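**Student:** Handing you this structure, nothing more for now.
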Amino acid sequence: MIIMIAAASENNALGKNNELVWHLPNDFKRFKSLTSGHHIIMGRKTFESFPKPLPNRTHIVISRQENYKPEGCTVVSSMEKAIEICPSNEAIYIIGGGEIYNLGIPFSNKIELTRVHHSFEADAFFPEINLKDWEMIHSEFQNKDEKHQFDYTYQTYIRK
Numbered sequence: 001m002i003i004m005i006a007a008a009s010e011n012n013a014l015g016k017n018n019e020l021v022w023h024l025p026n027d028f029k030r031f032k033s034l035t036s037g038h039h040i041i042m043g044r045k046t047f048e049s050f051p052k053p054l055p056n057r058t059h060i061v062i063s064r065q066e067n068y069k070p071e072g073c074t075v076v077s078s079m080e081k082a083i084e085i086c087p088s089n090e091a092i093y094i095i096g097g098g099e100i101y102n103l104g105i106p107f108s109n110k111i112e113l114t115r116v117h118h119s120f121e122a123d124a125f126f127p128e129i130n131l132k133d134w135e136m137i138h139s140e141f142q143n144k145d146e147k148h149q150f151d152y153t154y155q156t157y158i159r160k
């Protein structure tokens with residue numbers, strides 16, 4: 001199963017200047033819980049936004065740069081090649097950024113989305129979820145609190 005996992009605002013903003021524009025610790029915990037032990041596919045800029053590779057995950061980085069070879073990662077030139085080198089009998093997570101989500105949505109069977117209930121100025125966006133193709137099967141609202149500046153909802157979609 002190929003799963004896109006993201007946190008996106010009401011206007012589908014993902015981030016600006018290669019950084020998230022919000023801080024939701026519970027969403028980080030959920031991301032870690034879901035993706036640990038799995039292959040994660042990302043673009044070069046997303047990978048470079050991490051201080052170091054994420055523990056207990058196999059990193060597949062999509063890049064057009066032929067000499068790009070970060071330590072501990074497999075680098076490929078396309079979404080098709082990224083998917084091809086992942087085990088076909090395991091969950092594979094596409095973790096961003098915006099361009100990679102656009103490339104990945106045709107291949108995806110499931111979306112794990114954290115919808116941040118605010119609009120942000122951004123330069124990277126999650127693709128619009130077409131409800132003709134996707135069905136929401138789970139929704140769990142979370143109130144803002146002392147550690148979370150914005151309300152948010154965990155949403156799970158499956159391809160129809």
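Residues in the sequence shown are numbered consecutively from 1, following full-length UniProt numbering.
Glycine residues also receive a C-beta, built at the ideal position from the N, C-alpha and C atoms.
Here the structure is a predicted model, which means the values were calculated and not measured.
(1) Quick check on the burial criterion: 16 or more other C-beta atoms within 10 angstroms. Buried or exposed for Ile85?
(2) What residue does the alpha helix (DSSP H) around Met79 start on, and which one ends it?
(3) Can you name the residues that DSSP bridges to Ala6?
(4) Just confirm the distance between the C-beta atoms of Glu19 and Ser63, as a whole number of angstroms; I'd bet it's less than 8 Å.
(5) DSSP has Trp134 in a bridge; who is on the other side?
(6) So the candidates are Ile158, Asn17, Asp123; which of them puts its Cα closest to the Cα of Ser108?
(7) So if DSSP puts Ile62 in a beta bridge, which residue, or which two residues, is it bridged to?
(8) Going along the chain, which residues of its own chain have a beta-carbon closer than 8 Å to the beta-carbon of Asn102, five neighbours each way excluded?
(9) By how many angstroms is the C-alpha of Ile83 removed from the C-alpha of Lys144?
(10) Taking Glu140 as the reference, give the member of Glu121, Arg30, Met4 with the closest Cα.
(11) Using only the alpha-carbon positions, how far apart do His59 and Asp27 sit?
(12) Excluding the 5 residues preceding and the 5 following Ser98 in the sequence, name in chain order all residues of the same chain whose CB lies nearer than 6 Å to its CB.
(13) According to DSSP, what are the bridge partners of Ala13?
(14) Please look up how many angstroms separate the CB atoms of Ile41 and Ile100, rounded, as I've assumed it's under 8 Å.
**Tutor:** According to the data block:
(1) Here the question's residue 85 lines up with position 85 in the sequence shown. Answer is exposed; the Cβ neighbour count stays below 16.
(2) Counting from one through the sequence shown, the residue named residue 79 turns up at place 79. Note, Met79: alpha helix (DSSP H), 79–84.
(3) Walking along the sequence shown from the start, residue 6 turns up at place 6. Paired residues: Leu113.
(4) The residue given as residue 19 occupies position 19 in the sequence shown. The residue given as residue 63 occupies position 63 in the sequence shown. At roughly 19 Å, the Cβ-Cβ gap does not stay under 8 Å, so Glu19 and Ser63 are not in contact.
(5) Position 134 of the sequence shown holds residue 134. The partner list for Trp134 (beta bridge, DSSP) reads Arg159.
(6) Stepping through the sequence shown from its first residue, residue 108 is reached at position 108. Residue Ile158 is the option with its Cα nearest to Ser108.
(7) Stepping through the sequence shown from its first residue, residue 62 is reached at position 62. Ile62 is bridged to Gly43, Val76.
(8) Translated into the one-based positions of the sequence shown, residue 102 becomes position 102. Pro127.
(9) Here residue 144 is taken as the residue at index 144 of the sequence shown, counted from 1. Here residue 83 is taken as the residue at index 83 of the sequence shown, counted from 1. Looking at the two C-alpha atoms, the distance is approximately 36 Å.
(10) As a first step, residue 140 is located in the sequence shown; it is residue number 140 there, counting from the start. Measuring from the Cα of Glu140, the nearest candidate turns out to be Arg30.
(11) Counting from one through the sequence shown, the residue named residue 59 turns up at place 59. Counting from one through the sequence shown, the residue named residue 27 turns up at place 27. Roughly 20 Å between the two C-alpha positions.
(12) Taking the first residue of the sequence shown as position 1, residue 98 is located at position 98. First, the residue type needs correcting, since residue 98 is Gly and not Ser in the sequence shown. Excluding residues within five positions, the ones whose Cβ falls inside 6 Å are Leu14, Ala124, Phe125.
(13) Within the sequence shown, numbered from 1, the residue matching residue 13 stands at position 13. Answer is Phe125, bridged to Ala13.
(14) Residue mapping note: residue 41 aligns to position 41 of the sequence shown, counting from 1. Residue mapping note: residue 100 aligns to position 100 of the sequence shown, counting from 1. The Cβ separation is near 7 Å, so the contact holds.
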